[in-house]
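Participant: The structure under discussion is supplied below as structure tokens; questions concerning it will follow.
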Amino acid sequence: MPQPVFLAPDHDHGRCTADALAHAEALCAQRAQRLTPIRRRVLEVLLEHHKPLGAYEIIDRAAANGTRPAPITVYRVLDFLREHGLVHRIESRNAFVACVNNHASGDLVVFLICERCGEVGEAASAAVASELKGAARAAGFAPKTPVIEISGICSHCRAA
Ligand SMILES: [Zn+2]
Ligand SMILES: [Zn+2]
7 MPQPVFLAPD HDHGRCTADA LAHAEALCAQ RAQRLTPIRR RVLEVLLEHH KPLGAYEIID
67 RAAANGTRPA PITVYRVLDF LREHGLVHRI ESRNAFVACV NNHASGDLVV FLICERCGEV
127 GEAASAAVAS ELKGAARAAG FAPKTPVIEI SGICSHCRAA
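Numbering-wise, the sequence shown is residues 7 to 166 according to my numbering.
Shown next, in the form of structure tokens:
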């Protein structure tokens, strides 16, 4: 059974974090990359919640238990993590969110952004992806980052 897009507020988040870090370790090993301490730290910061964080919030939180990383370092780390599909950028918020879906990079990602609690869910749709690719191809266009962002109210906030 696929996991719900918006996890219940009382879900086992320790498991989300552990799974995502294990996935990141395995992916880096497989691609002959290193999950260096700073890369891991930035990913951990983003994995604290399923909510997007701006670059400076990431720096502040990464600094909480040690030295403050330079912005350029954090931007490079974010580029690395995005390149490997471990982190996504939410353009409309100018913020970043850890990926907990293990989807292949290049897949279309539909971000559902809750305006009330700030949680971000990832919904994947193969049908929408092929429609969009077809439309882009028909226009002679080569799409680079197939991302759709939809704002609204999540299932948990609607139920509350
Ligand atoms: Zn979680
Ligand atoms: Zn919500």
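Just so you know, even glycine gets a beta-carbon here, dropped at the ideal spot from N, CA and C.
(1) Hey, is the region 55-69 in contact with the region 129-137, meaning 3+ C-beta pairs nearer than 8 Å?
(2) Taking 7 Å as the cut-off, is the CB of His17 close to at least one heavy atom of ligand 2?
(3) Does the region 148-163 come into contact with the region 123-132, if we say contact requires no fewer than three beta-carbon pairs (one atom in each stretch) closer than 8 Å?
(4) Identify, in the order they occur along the chain, each residue of the same chain with its Cβ nearer than 8 Å to the Cβ of Val51, setting aside the five sequence neighbours on each side.
(5) Looking at C-alpha atoms only, which residue of Ser131, Ala38, Ala26, Ala61 is the closest neighbour of Arg46?
(6) Short of 6 Å in beta carbon distance, which residues of its chain neighbour Val115, apart from the five on each side in sequence? Order them along the chain.
(7) Give a single yes or no on whether Leu118 has its beta carbon closer than 7 Å to a heavy atom of ligand 1.
(8) Bridge partners of Leu118, per DSSP?
(9) For Ala101 versus Pro77, is the C-beta distance shorter than 8 Å?
(10) Sort Val103, Leu87, Thr73 by Cα distance to Leu33 and report the nearest one.
(11) In angstroms with no decimal places, state the Cα-to-Cα distance between Met7 and Ser131.
(12) Rank Ala28, Phe12, Ser157 by C-alpha distance to the C-alpha of Glu97 and give the top, closest one.
Facilitator: With the structure as the only source:
(1) no
(2) no
(3) The region 148-163 vs the region 123-132: in contact.
(4) Leu59, Ile64, Arg67, Ala68
(5) Ala26
(6) Glu128, Val153
(7) no
(8) Gly127, Ile156
(9) For Ala101 and Pro77, no; Cβs fall outside 8 Å.
(10) Closest by alpha carbon: Leu87.
(11) Unreliable placement is indicated for Met7, whose pLDDT of 48 sits below 50; no coordinate value is reported for it.
(12) Ranked by Cα distance from Glu97, the options Ala28, Phe12, Ser157 are led by Ser157.
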